[in-house]
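Residue numbers (this note's numbering), protein chains in the order written: chain A, 1 to 112; chain B, 1001 to 1114. Below is one structure, written out as structure tokens, with a few remarks after it.
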Amino acid sequence: GDSVTQMEGPVTLSEEAFLTINCTYTATGYPSLFWYVQYPGEGLQLLLKATKADDKGSNKGFEATYRKETTSFHLEKGSVQVSDSAVYFCALSDQAGTALIFGKGTTLSVSS
Amino acid sequence: DGGITQSPKYLFRKEGQNVTLSCEQNLNHDAMYWYRQDPGQGLRLIYYSQIVNDFQKGDIAEGYSVSREKKESFPLTVTSAQKNPTAFYLCASTLNGGSNQPQHFGDGTRLSIL
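Okay, here's the thing in structure tokens:
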């Protein structure tokens, strides 16, 4: 079945460092891909999305490009801030749109 | 402001007891979902509903039940048959369940066993 694999954390960075969180997927067809962020004690918030191959999603300095040839959707940010500390989830939506399939999440901790 | 409201924020269950988690949305969304989150496990789908009076089992429906009598409400009952209910429960919705639609989430309910 469809699945999402994220790099394991925690990822610990200093402020202004470059961030990459790897995400690869297995799916039939052409799923939509999402990155969500979860701050402590809260629900998930959509960070960005891409609905077809070569699309680039971007928001708040974060970017991810839908790479069909490598089945990847890696999250990047050029300069992280302390406020970016959170858990990041990669997810895909199946063709039927019945639900999202999530990766296990990657915890990011940014220190000043 | 439109959104999803989950209540209570914290809930405690005694052995053999059923408990119900509330989820209400005022986004006028057709589709609603319940997920369970365990540490290091990501989110797993319990139930979903794409229209009033209809719902489908997700990957881990055993020990849970739902109803969808109103468009805006999708309560989840954790029954005594669920032997390991301690987790963070998240409710979500989408406009009409389309595959390119992002899901909107509530702030969750944390359930613990007394």
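Note that the Cβ used here is the ideal one computed from N, Cα and C, for glycine as well. Quick caveat, the model's predicted, so the values are computed rather than measured.
Inter-residue Cα distance where the pair is residue i and residue j
i, j, result
"B/Asn-1096", "A/Thr-106", "29 Å"
"B/Ala-1061", "B/Leu-1045", "8 Å"
"A/Leu-33", "B/Leu-1114", "39 Å"
"B/Gly-1106", "A/Thr-70", "33 Å"
"B/Thr-1094", "B/Ser-1073", "13 Å"
"B/Ser-1049", "A/Gln-81", "38 Å"
"B/His-1104", "B/Lys-1057", "20 Å"
"B/Asn-1100", "A/Ala-53", "13 Å"
"A/Lys-68", "A/Val-4", "14 Å"
"B/Tyr-1047", "B/Met-1032", "9 Å"
"B/Thr-1079", "B/Leu-1011", "14 Å"
"A/Asp-55", "A/Ser-112", "33 Å"
"A/Glu-16", "A/Pro-40", "22 Å"
"A/Thr-12", "A/Tyr-36", "19 Å"
"B/Asp-1054", "B/Gly-1016", "28 Å"
"A/Asp-84", "B/Glu-1069", "39 Å"
"A/Gln-6", "B/His-1029", "30 Å"
"B/Asn-1007", "A/Pro-10", "For the sequence presented, residue 1007 of chain B should be read as Ser rather than Asn. Taking the straight line from one Cα to the other gives about 30 Å."
Proximal residues of chain B, C-beta to C-beta of residue i below 8 Å
i, result
"A/Asp-94", "Ser-1099"
"A/Ala-86", "None at all; the shortest Cβ gap to chain B is about 14 Å."
"A/Phe-89", "Gly-1042, Leu-1043"
CB contact flag (residue i, residue j, <8 Å)
i, j, result
"B/Pro-1075", "B/Thr-1020", "yes"
"A/Phe-89", "A/Tyr-25", "no"
"A/Gly-61", "A/Ala-50", "no"
"A/Thr-20", "A/Glu-76", "yes"
"A/Ile-101", "A/Leu-92", "yes"
"B/Leu-977", "B/Gly-1063", "A query on residue 977 of chain B cannot be resolved here, the shown segment of chain B reaching from 1001 to 1114 and no further."
"B/Leu-1090", "B/Arg-1013", "no"
"A/Ala-99", "A/Gln-38", "no"
"B/Gln-1041", "A/Lys-104", "yes"
Chain B residues whose Cβ lies nearer than 9 Å to that of residue i
i, result
"A/Phe-62", "Going along chain B, no residue has its Cβ under 9 Å from A/Phe-62, so there is no contact; the nearest lies around 15 Å."
"A/Phe-34", "Pro-1102, Gln-1103"
Listed by chain order, chain A residues near residue i by CB distance under 7 Å
i, result
"B/Pro-1075", "Correct list: empty, because the minimum Cβ distance to chain A is about 17 Å."
"B/Tyr-1033", "Ala-99"
"B/Tyr-1064", "In chain order: nothing, as chain A lies at least about 15 Å away."
Contact set between residue i and chain A, taken where Cβ atoms lie within less than 8 Å
i, result
"B/Leu-1095", "Correct list: empty, because the minimum Cβ distance to chain A is about 10 Å."
"B/Gln-1041", "Lys-104"
"B/Gly-1111", "It is Leu, not Gly, that sits at residue 1111 of chain B in the sequence shown. Simply none; closest approach about 14 Å."
"B/Leu-1090", "Gly-43, Leu-44"
"B/Gly-1106", "Gly-43"
"B/Gly-1002", "Chain A residues near B/Gly-1002: none, gap ~14 Å exceeds 8 Å."
Could you please tell me which residues of the stretch 36-51 of chain A, in chain order, have their CB closer than 9 Å to any CB of chain B? Tyr-36, Gln-38, Gly-41, Glu-42, Gly-43, Leu-44, Gln-45, Leu-46, Lys-49, Thr-51
Which of the residues in the stretch 1005-1022 of chain B, read from start to end, lie with their CB under 9 Å from any CB of chain A? Gln-1006, Lys-1009
In the stretch 35-105 of chain A, which residue ranges form an unbroken beta strand (DSSP E) of at least 3 residues, counting only runs that do not cross its ends? 44-50, 56-59, 62-65, 75-77, 86-93, 100-102
Looking at chain B, which residues of the stretch 5-17 of chain A have a Cβ within less than 8 Å of any of its Cβ atoms? none
Taking only beta carbons into account, state which residues of the stretch 101-112 of chain A come closer than 9 Å to chain B, listed in chain order. Ile-101, Phe-102, Gly-103, Lys-104, Gly-105
Would you list, in sequence order, the uninterrupted beta strand (DSSP E) runs of no fewer than 3 residues that lie entirely inside the stretch 1028-1066 of chain B? 1031-1038, 1042-1051, 1054-1057, 1064-1066
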